[in-house]
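Quick notes on the structure that follows.
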Amino acid sequence: MKSKRFLVAGAILVAVTAVGADGFPGFRIELFDGKTGTVSIASGDFAAPTVTQEGERTRLAWKGHPRLGDGFTATAEGVRSGDATSWTFSCAGNSSGLPLGRIAFPVVDVPCADKGYLLHSPHAGGGTMGWKKLIDWKSLKPGQLVCSTLSPGFRFVAVLNGEGRDSHYLDVRDAKSNAGRFEVRKGSAGHARLAWVHDMPLVPENAAAYRLPYTATVRTYRGDWFEAAAFYREWAKTTSRFAAAKSRDMSKLRDIGLWMWNRGLAETVIPPVERFQKDTGLKVALDWYWWFKEMPGTFYPDYWPPRKGAEKFKADVQRLKASGAFTQVYLNGMTWDEDAPSWKDGGIESVAMRRDGTYFSCAYNRFNPDHHLANLCGEAPRFHSRIMEQIAHLADCGFDSIYLDMIGCNAYGPCFNPAHRHVPGGGAHMTDDFRAYLKGVKATFPGVLLSTEDCGEAYVDMFDSNISTHSSYERHGWIGTAPDMEFVPVFQAVYHGCAAVFGNYAIVDNVPYWDPRWPMKPWWTGHEESLRRDYPDQFAVEFARGPAWGLQPSVHNFWLHHATNAAYAAEYRFICDTALFYHDNRRFLFDGEMLNPGSLTCAKARVPFAEVSVFAEKVTTRTSELPTVFHNVWRSPSGETAAILVNWSRQAQAWNLKSPAVSGEGVLAPRAWVRLSAK
Ligand SMILES: [Zn+2]
Numbered sequence: 004m005k006s007k008r009f010l011v012a013g014a015i016l017v018a019v020t021a022v023g024a025d026g027f028p029g030f031r032i033e034l035f036d037g038k039t040g041t042v043s044i045a046s047g048d049f050a051a052p053t054v055t056q057e058g059e060r061t062r063l064a065w066k067g068h069p070r071l072g073d074g075f076t077a078t079a080e081g082v083r084s085g086d087a088t089s090w091t092f093s094c095a096g097n098s099s100g101l102p103l104g105r106i107a108f109p110v111v112d113v114p115c116a117d118k119g120y121l122l123h124s125p126h127a128g129g130g131t132m133g134w135k136k137l138i139d140w141k142s143l144k145p146g147q148l149v150c151s152t153l154s155p156g157f158r159f160v161a162v163l164n165g166e167g168r169d170s171h172y173l174d175v176r177d178a179k180s181n182a183g184r185f186e187v188r189k190g191s192a193g194h195a196r197l198a199w200v201h202d203m204p205l206v207p208e209n210a211a212a213y214r215l216p217y218t219a220t221v222r223t224y225r226g227d228w229f230e231a232a233a234f235y236r237e238w239a240k241t242t243s244r245f246a247a248a249k250s251r252d253m254s255k256l257r258d259i260g261l262w263m264w265n266r267g268l269a270e271t272v273i274p275p276v277e278r279f280q281k282d283t284g285l286k287v288a289l290d291w292y293w294w295f296k297e298m299p300g301t302f303y304p305d306y307w308p309p310r311k312g313a314e315k316f317k318a319d320v321q322r323l324k325a326s327g328a329f330t331q332v333y334l335n336g337m338t339w340d341e342d343a344p345s346w347k348d349g350g351i352e353s354v355a356m357r358r359d360g361t362y363f364s365c366a367y368n369r370f371n372p373d374h375h376l377a378n379l380c381g382e383a384p385r386f387h388s389r390i391m392e393q394i395a396h397l398a399d400c401g402f403d404s405i406y407l408d409m410i411g412c413n414a415y416g417p418c419f420n421p422a423h424r425h426v427p428g429g430g431a432h433m434t435d436d437f438r439a440y441l442k443g444v445k446a447t448f449p450g451v452l453l454s455t456e457d458c459g460e461a462y463v464d465m466f467d468s469n470i471s472t473h474s475s476y477e478r479h480g481w482i483g484t485a486p487d488m489e490f491v492p493v494f495q496a497v498y499h500g501c502a503a504v505f506g507n508y509a510i511v512d513n514v515p516y517w518d519p520r521w522p523m524k525p526w527w528t529g530h531e532e533s534l535r536r537d538y539p540d541q542f543a544v545e546f547a548r549g550p551a552w553g554l555q556p557s558v559h560n561f562w563l564h565h566a567t568n569a570a571y572a573a574e575y576r577f578i579c580d581t582a583l584f585y586h587d588n589r590r591f592l593f594d595g596e597m598l599n600p601g602s603l604t605c606a607k608a609r610v611p612f613a614e615v616s617v618f619a620e621k622v623t624t625r626t627s628e629l630p631t632v633f634h635n636v637w638r639s640p641s642g643e644t645a646a647i648l649v650n651w652s653r654q655a656q657a658w659n660l661k662s663p664a665v666s667g668e669g670v671l672a673p674r675a676w677v678r679l680s681a682k
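Just add 3 to the spot in the sequence shown (first one is 1) and you have our numbering.
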């Protein structure tokens with residue numbers, strides 16, 4: 004939508020161009036009408052704003068609107084520093100009779116190539132790291148939605164226009180993680196439209212006037228994803244949560260050589276831990292899922308007792324600890340089974356409710372479709388009491404760490420539950436209340452560490468470790484494969500060293516876990532050999548990618564026969580070699596700061612992946628075109644810099660690295676790691 008603006012510089016009036024194309028942002032206001040109605044008014048619906056410029060400061064002022072009233076004003080103020088401008092926004096004088104509900108600011112149109120990558124952080128499907136998604140911008144219609152995301156991993160998006168062209172970046176600097184989301188659309192011709200949409204706290208004093216509780220930075224730069232992350236990192240480092248996370252004692256986690264993400268009975272999850280520790284001398288962390296009596300996804304948050312009874316379970320944990328293992332156990336931190344008898348004792352009063360009174364719930368376990376887990380708000384005292392009871396049992400068993408599922412990627416956004424005392428709508432109550440709940444757990448169980456799903460920056464100082472399954476993204480068919488879609492380790496580039504991050508779905512033989520309580524037979528019976536034969540590199544790619552990104556080495560559904568059967572000797576050797584290499588290089592891969600990776604030249608390969616999730620019913624093949632050597636560049640706390648490279652393929656691979664800190668070339672043996680130190 005075009006609207007002329009006039010730049011006031013002394014006495015000179017200068018015409019400028021459409022929303023954002025001149026570097027100036029627009030906005031959108033949403034008035035709430037009842038439980039579902041919304042009246043949307045954009046800056047383009049106003050008369051031209053007055054633009055005042057003094058040195059590096061710019062002030063945009065819009066006045067009067069037929070619906071909002073003659074006395075309505077909206078003001079955006081920007082301060083320019085180099086290629087970046089930092090913006091604030093406020094408005095006042097709404098006399099429409101409807102309250103302000105949401106404000107989208109800034110809304111900027113930035114130039115985009117006909118086809119180019121969008122860097123963002125979705126919240127679904129384990130997506131708090133960076134997605135680089137190829138967008139065919141030219142084929143889109145103006146206003147067409149490209150993505151809408153809570154962006155839990157980091158609050159910036161970037162339009163990457165490739166070498167020789169400017170890229171464009173928008174961040175939201177909000178250390179409170181107020182409710183909101185990025186919206187990316189096709190803008191005017193040749194432009195992408197980027198916006199942050201803020202969900203307001205709906206209190207009477209905000210109905211007519213409001214000032215956004217964050218600044219937003221718009222920046223033009225030359226570079227790719229890493230340059231954008233490095234820019235955001237400079238701000239992230241100034242937050243108290245970053246400092247609190249970095250100052251923690253991480254010694255219990257730093258020594259871990261390998262995570263085993265395993266499910267089921269002690270008889271199957273403990274022996275591989277003991278075997279690997281004996282073979283390598285390294286500490287294993289067991290992330291123990293589905294230990295409880297009922298079927299997964301059933302009767303949450305009431306998990307206790309364990310399948311084989313409390314005494315046996317406690318003895319099993321003590322056996323693990325005596326072996327030197329780190330022990331972590333699964334709970335879900337924010338869902339309640341609405342089909343369980345306990346639901347009537349506080350379920351509905353605990354849910355995160357939408358404006359229309361509905362809430363999200365899902366039968367995640369497709370083999371158990373009669374049980375739906377509902378997402379809860381941070382204000383859920385009766386749920387918290389139940390979780391505390393569960394943690395008390397588990398802490399008594401001696402577990403080192405409690406995993407609280409889903410908080411890292413889902414505990415965001417507004418809530419309109421009328422039973423709650425927090426202000427209705429958006430604001431920071433959701434993250435504030437979840438943080439208060441986690442602080443309560445820590446205070447009640449000092450010494451017990453906490454872990455969660457994905458890497459949410461709002462909780463970077465609350466969780467000591469995070470499971471991240473992004474290194475297995477190809478197996479989620481809906482995400483896409485390279486070169487059209489690739490994950491990049493943005494969270495590590497910003498927050499590496501703040502918490503331990505581990506995880507993937509890498510299974511040595513690609514055979515999913517089967518819970519004996521499920522009502523259906525496993526579809527893969529009789530197909531085990533083809534699952535391995537048809538996807539010979541899937542395990543190595545998924546497994547190697549994590550440590551290459553600075554994650555702790557991890558395996559999924561790892562059983563004793565994977566360590567002892569000669570059929571898996573090559574994979575087991577790669578697991579052992581990787582864990583030993585990681586352990587020797589923790590000053591980079593656990594403690595270090597990620598540096599610009601530069602560019603690495605090596606052969607590429609087309610890799611088939613089995614699209615198999617935890618609740619798999621069939622297998623579909625996806626193919627991804629990948630470099631045979633993964634790498635990143637790191638600086639240790641003492642200032643030492645090095646590149647870490649891994650060849651995941653089954654052939655020797657030549658490589659040539661050029662990065663600002665480290666460059667070199669060589670040949671890597673099959674399934675091998677190397678550290679290249681700066682000269
Ligand atoms: Zn609530």
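Cβ coordinates follow ideal geometry from the N, Cα and C atoms, glycine included.
**Q.** Alpha carbon of residue 24 to alpha carbon of residue 194, nearest angstrom
**A.** At residue 24, the pLDDT of 42 sits below 50, so the modelled position is not reliable and the matter cannot be decided from this model.
(Q) I'd like the ranges of any alpha helix (DSSP H) spanning at least 4 consecutive residues and lying wholly in the segment 109-158. (A) none
Q | Spatially closest choice to residue 362 from 341, 372, 371, 532, by CA coordinates | A | 341
Q.
Which same chain residues end up closer than 6 Å to residue 80 when comparing Cβ atoms and leaving out the 5 residues on each side of it in sequence?
A. 62, 91
**Q.** Counted within 10 angstroms of its Cβ, other Cβ atoms place residue 147 as buried (16 or more) or exposed
**A.** exposed
Q.
Less than 7 Å between C-beta atoms, sequence neighbours within five positions excluded: which residues of the same chain meet that for residue 502?
A. 248, 463, 466, 467, 468, 469
Q: Mark residue 526 as exposed unless 16 or more other C-beta atoms lie within 10 angstroms of its C-beta, in which case mark it buried.
A: exposed
Q: Would you tell me roughly how many angstroms separate the C-alpha atoms of residue 142 and residue 136, rounded to the nearest one?
A: 15 Å
Q) Straight-line CA distance for residue 305 to residue 386? A) 10 Å
Q | Spatial neighbours of residue 272 in its chain, beta-carbon cut-off 7 Å, leaving aside the 5 residues before and after | A | 265, 289, 291
Q: At 3 residues or longer, and completely inside the segment 520-594: list those beta strand (DSSP E) runs for me, N to C.
A: 557-559
Q.
Just to confirm my understanding: we take residue 397, look at its own chain, exclude 5 residues before and 5 after, and list those with CB closer than 7 Å. What are they?
A. Excluding sequence neighbours, residue 397 sits near 332, 405.
Q.
In chain order, what are the residue ranges of uninterrupted beta strand (DSSP E) at least 3 long that sit wholly in the segment 598-631?
A. 602-605, 607-614, 623-630
**Q.** For residue 282, the three-state DSSP class (helix, strand or coil)
**A.** helix
Q: Pull every residue with its beta-carbon under 6 Å away from any heavy atom of ligand 1, and keep them in chain order.
A: 355, 380, 382, 418, 420, 423, 425
Q | Own chain partners of residue 675 with C-beta closer than 8 Å, once the 5 adjacent residues on each side are dropped | A | 580, 649, 650
Q) Given residue 586, which residues of its chain have a CB within under 7 Å of its CB, disregarding the five upstream and five downstream residues? A) 260, 285
Q | Exposure of residue 381, with buried meaning 16 or more beta-carbon neighbours within 10 Å | A | buried
Q.
With the cut-off set at 8 Å, would you say residue 255 and residue 452 are in Cβ contact?
A. Going by C-beta atoms, residue 255 is nearer than 8 Å to residue 452.
Q: Could you tell me which residues DSSP pairs with residue 468 in its beta bridges?
A: 454, 503
Q | residue 402, enclosing alpha helix (DSSP H) - first and last residue | A | No alpha helix (DSSP H) contains residue 402, which DSSP labels as neither H nor E.
Q: Compute the distance between the beta-carbons of residue 88 and residue 218, then report whether it is under 8 Å.
A: no
Q: Assess, as a yes-or-no matter, whether the segment 182-198 is touched by the segment 104-120 under the definition of 3 or more beta carbon pairs within less than 8 Å.
A: yes
Q | Assigned exposure category for residue 39 - 16 Cβ within 10 Å defines buried | A | exposed
**Q.** Nearest candidate by alpha-carbon position, reference residue 267, set 519, 57, 401, 609
**A.** 519
Q | Simplified DSSP assignment, three categories, for residue 410 | A | DSSP, reduced to helix, strand and coil, places residue 410 within a helical segment of the structure shown.
Q | Nearest residue (CA-CA) to residue 564, options 557, 575, 556 | A | 575
Q. Which parts of the segment 332-406 are runs of the beta strand (DSSP E), unbroken and 3 residues or longer, counting only runs that do not cross its ends?
A. 338-340, 376-378
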